[in-house]
Amino acid sequence: DIGDIIRGKDLYRGDDKENIKLQKNLKNIFAKIYDQLKPEAQKRYKDINDIDNNFYKLREDWWDANRLEVWKAIICKAEQNDKYFRQTCNDDVTSSRAIHKCRCEKKGGGNVNVVPTYFDYVPQYLR
Numbered sequence: 001d002i003g004d005i006i007r008g009k010d011l012y013r014g015d016d017k018e019n020i021k022l023q024k025n026l027k028n029i030f031a032k033i034y035d036q037l038k039p040e041a042q043k044r045y046k047d048i049n050d051i052d053n054n055f056y057k058l059r060e061d062w063w064d065a066n067r068l069e070v071w072k073a074i075i076c077k078a079e080q081n082d083k084y085f086r087q088t089c090n091d092d093v094t095s096s097r098a099i100h101k102c103r104c105e106k107k108g109g110g111n112v113n114v115v116p117t118y119f120d121y122v123p124q125y126l127r
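Residues 1 to 127 in the UniProt record's numbering are what the sequence shown lists, from first letter to last.
Structure representation (structure tokens):
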């Protein structure tokens with residue numbers, strides 16, 4: 001799952017070579033992001049325990065700041081009756097599946113027509 005991959009918490013059990021390649025690419029990407037930060041921001045992400053420079057805190061913060069946009073991009077092609085395999089909305093009194101282009105239907109004046117991004121913090125084996 002994208003959030004777990006970015007944050008370095010993926011339970012991927014496939015090809016070790018591919019996983020190593022993926023982690024190396026993510027490390028390079030976040031090193032470039034780190035290099036573009038202002039010095040005071042770099043201090044926040046410099047972890048003496050992170051001897052391999054994986055930038056886990058930066059990755060976590062990046063995901064927190066960008067996950068909604070990533071989820072929107074993932075489901076941008078969702079059709080009207082596409083849905084998640086688990087119930088995500090409360091359309092009436094009980095939970096229901098998000099069948100409105102994988103989003104909860106907007107009701108009232110609030111910002112409820114959103115992608116259910118809370119899935120990314122549910123352990124993979126429960127999704």
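Even glycine gets a Cβ: it sits at the ideal position worked out from N, Cα and C.
Note that this is a predicted model, so its numbers are computed, not measured.
Taking C-beta atoms as the reference points, G3 and R67 count as a pair closer than 8 Å.
Cβ contact annotation for L58 (same chain, cutoff 7 Å, sequence separation greater than five): F30, I33, Y34 and Y45, in chain order. Put simply, the backbone Cα of Q36 is about 23 Å away from that of K21. DSSP assignment within the stretch 20-67 yields the following whole alpha helix (DSSP H) runs of 4 residues or more, N-terminal first: 39-45. Assignment of K17 by DSSP, reduced to helix, strand and coil, places it in the helix class. Here the alpha carbon of N53 sits roughly 15 Å from the alpha carbon of A41.
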